[in-house]
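**Student:**
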Amino acid sequence: MKRWLVLVLTVMGLFCGCSADGEYNVLITKEEQETDYSTVYAEVIAFGGFANKEYEETLNAEIENNISAAIGEFDQLAQENAQSMPPGIKSDLHITQSVKRNSGGIISFVTENYTYFGGAHGNTVWYPQTIDIRQEAPHNMELSELFKDEAYIEKINNLIDVMVKENPDKYSELWAEPHITEKTKYEYYLTDEELVIWFPPYELSYYAKGFIEFPIRLTELSGLLKEEYRTAE
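Those letters in the sequence shown? Residues 57 to 289, per the numbering used here, in order.
In structure tokens:
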């Protein structure tokens, strides 16, 4: 039998600023649910202050719908898995939001979904979005859209190689080369000063290594980036 405890709280207020070249409004609310067989913690992020109000509404609805779908899918699996869980242990879903950049007309954020259905550990997935709100039709940008041409691939691969060699402790026990591939087109996020390329658990190393990140200063890519994505020296 389900027994729901639902609590919705505002955990982050609105950031001021509605300028097309400045910060946009960000609101994060959290929802907590509990049943006899599961627990859910979910942060829902919403943005405001866009000049394109239609896109603002579309983006926020898409985010909310994706989280609702994730909770619904989790609940179904949790019900199916309830009988196999050890006594006193519940399936768990934890969704968090991390805003990496909110400036210069750019929003870059990562939604992290952690699920646990028993066993030695759970599973964590990142869903990144980087959006140029100044575009007439904003969308989740592929990595290649930041650059003038494909010369960036060799440059980033070389920079990653240098990081691996210069930081053997941090990047030890990798079983594959951390290079740009077709899979990497969304496996990145932007900050005000860096482009961060990341690889999920098991892609380069074992689970305990977690997400392996390679931060690259935007100034190191300034000759390759499109003008609108450069930062001041």
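C-beta atoms are modelled at their ideal positions from N, C-alpha and C, and glycine is treated no differently.
(1) In terms of alpha-carbon separation, which member of 167, 208, 152 and 114 lies closest to residue 199?
(2) Is it buried or exposed, residue 114, if we count other Cβ atoms within 10 angstroms and call 16 or more buried?
(3) Mapping DSSP to helix, strand and coil, what is residue 274?
(4) Is the stretch 172-182 touching the stretch 204-221 in the sense that three or more CB pairs, one from each, lie closer than 8 Å?
(5) Residues in the same chain with beta-carbon distance under 7 Å from residue 8, minus the five sequence neighbours each way, listed in chain order, please.
(6) Excluding five sequence neighbours on each side, which residues of the same chain lie with their C-beta closer than 8 Å to the C-beta of residue 187?
(7) Going by DSSP, what residues sit across from residue 186 in a beta bridge?
(8) Could you check where the beta strand (DSSP E) with residue 106 kicks off and where it finishes?
(9) Would you call residue 160 buried or exposed, if buried means 16 or more other Cβ atoms sit within 10 Å of its Cβ?
(10) What residue from 232, 236, 250 and 224 has the CA that sits closest to residue 158's CA?
(11) Going straight from the alpha carbon of residue 262 to that of residue 242, what length do you get?
(12) Below 8 Å on the Cβ atoms is my guess for residue 151 versus residue 167; work out the distance and round it to an integer in Å.
(13) Per DSSP, which one or two residues make a beta bridge with residue 159?
(14) Determine contact between the stretch 128-140 and the stretch 91-106, defined as no fewer than three beta-carbon pairs at a distance below 8 Å.
(15) Residue 244 lies in the alpha helix (DSSP H); which residues open and close that run?
(16) In three-state DSSP terms, what is residue 14?
(17) Which one of 230, 282, 273 and 118 has the shortest CA to CA distance from residue 103?
(18) Go ahead and label residue 105 buried or exposed: buried means 16 or more other beta carbons lie within 10 angstroms of its beta carbon, across all protein chains shown.
(19) In whole angstroms, give me the CA-to-CA distance for residue 175 and residue 277.
(20) Could you tell me the alpha carbon to alpha carbon distance between residue 173 and residue 90, rounded to whole angstroms?
(21) Pick helix, strand or coil for residue 225, following the three-state DSSP scheme.
(22) Excluding the 5 residues flanking residue 227 on each side, which residues of the same chain have their C-beta closer than 6 Å to its C-beta?
(23) Would you mind working out which of 238, 237 and 255 sits nearest residue 245, comparing C-alpha positions?
(24) CB-CB under 7 Å to residue 280, same chain, minus the five flanking residues each way: which ones, in chain order?
**Tutor:** Straight from the coordinates:
(1) Mapped onto the sequence shown, residue 199 falls at position 143. Of the candidates 167, 208, 152 and 114, the residue whose Cα lies closest to the Cα of residue 199 is 208.
(2) Residue 114 sits at position 58 when you count from the first residue of the sequence shown. So residue 114 ends up on the exposed side.
(3) Indexing the sequence shown from 1 puts residue 274 at position 218. Secondary structure of residue 274 (DSSP, three-state): helix.
(4) Of all C-beta pairs linking the stretch 204-221 to the stretch 172-182, fewer than three are shorter than 8 Å, placing the two stretches out of contact.
(5) Only positions 57 to 289 of the chain appear in the structure, and residue 8 is not among them; the question remains open.
(6) Counting from 1 along the sequence shown, the entry for residue 187 is found at position 131. Non-local beta-carbon contacts of residue 187 in its own chain, meaning distances under 8 Å to residues more than five positions away in sequence, involve 115, 162, 163, 164, 194, 195, 196 and 197 in chain order.
(7) Start at 1 with the first residue of the sequence shown, and residue 186 comes out as number 130. In the DSSP assignment, residue 186 is bridged to 164.
(8) Within the sequence shown, the letter at position 50 stands for residue 106. That residue, residue 106, is in no beta strand (DSSP E); it is neither H nor E in DSSP.
(9) For the purposes of this step, residue 160 is identified with residue 104 of the sequence shown, where counting begins at 1. It is buried - the Cβ of residue 160 has at least 16 other Cβ atoms within 10 Å.
(10) Position 102 of the sequence shown holds residue 158. Distance check between residue 158 and each of 232, 236, 250 and 224 places 250 closest, using alpha-carbon atoms only.
(11) One-based indexing of the sequence shown puts residue 262 at position 206. One-based indexing of the sequence shown puts residue 242 at position 186. Near 21 Å, if we compare the C-alpha coordinates of residue 242 and residue 262.
(12) Translated into the one-based positions of the sequence shown, residue 151 becomes position 95. Translated into the one-based positions of the sequence shown, residue 167 becomes position 111. Yes, residue 151 and residue 167 are in contact; Cβ-Cβ is about 7 Å, under 8 Å.
(13) Here residue 159 refers to the residue found at position 103 of the sequence shown. Beta-bridge partners of residue 159 (DSSP): 162.
(14) The way I'd put it, the stretch 128-140 does touch the stretch 91-106; three or more beta-carbon pairs between them come closer than 8 Å.
(15) Position 188 of the sequence shown, counted from the start, is the residue given in the question as residue 244. First-last for residue 244: 244-246, but that is the beta strand (DSSP E), not the alpha helix (DSSP H).
(16) The displayed coordinates of the chain run from 57 to 289. Any statement about residue 14 would go beyond what the structure contains.
(17) For the purposes of this step, residue 103 is taken as residue 47 along the sequence shown, with counting starting at 1. Here the closest residue by C-alpha is 118.
(18) Numbered from 1 along the sequence shown, position 49 holds the residue referred to as residue 105. The residue is buried, with at least 16 neighbouring Cβ atoms inside 10 Å.
(19) Locating residue 175 in the sequence shown gives position 119, counting from the first residue. Locating residue 277 in the sequence shown gives position 221, counting from the first residue. Looking at the two C-alpha atoms, the distance is approximately 43 Å.
(20) What you label residue 173 is simply residue 117 of the sequence shown in a count that begins at 1. What you label residue 90 is simply residue 34 of the sequence shown in a count that begins at 1. So the alpha carbons of these two residues sit roughly 15 Å apart.
(21) Looking up residue 225 in the sequence shown gives position 169. Note: residue 225 maps to coil in three-state DSSP.
(22) The residue given as residue 227 occupies position 171 in the sequence shown. Answer for residue 227: 220, listed in chain order.
(23) Looking up residue 245 in the sequence shown gives position 189. Minimum Cα-Cα distance from residue 245 among the listed residues 238, 237 and 255 corresponds to 255.
(24) As a position in the sequence shown, residue 280 is number 224, starting the count at 1. Around residue 280: 203, 204, 207, 208 and 211.
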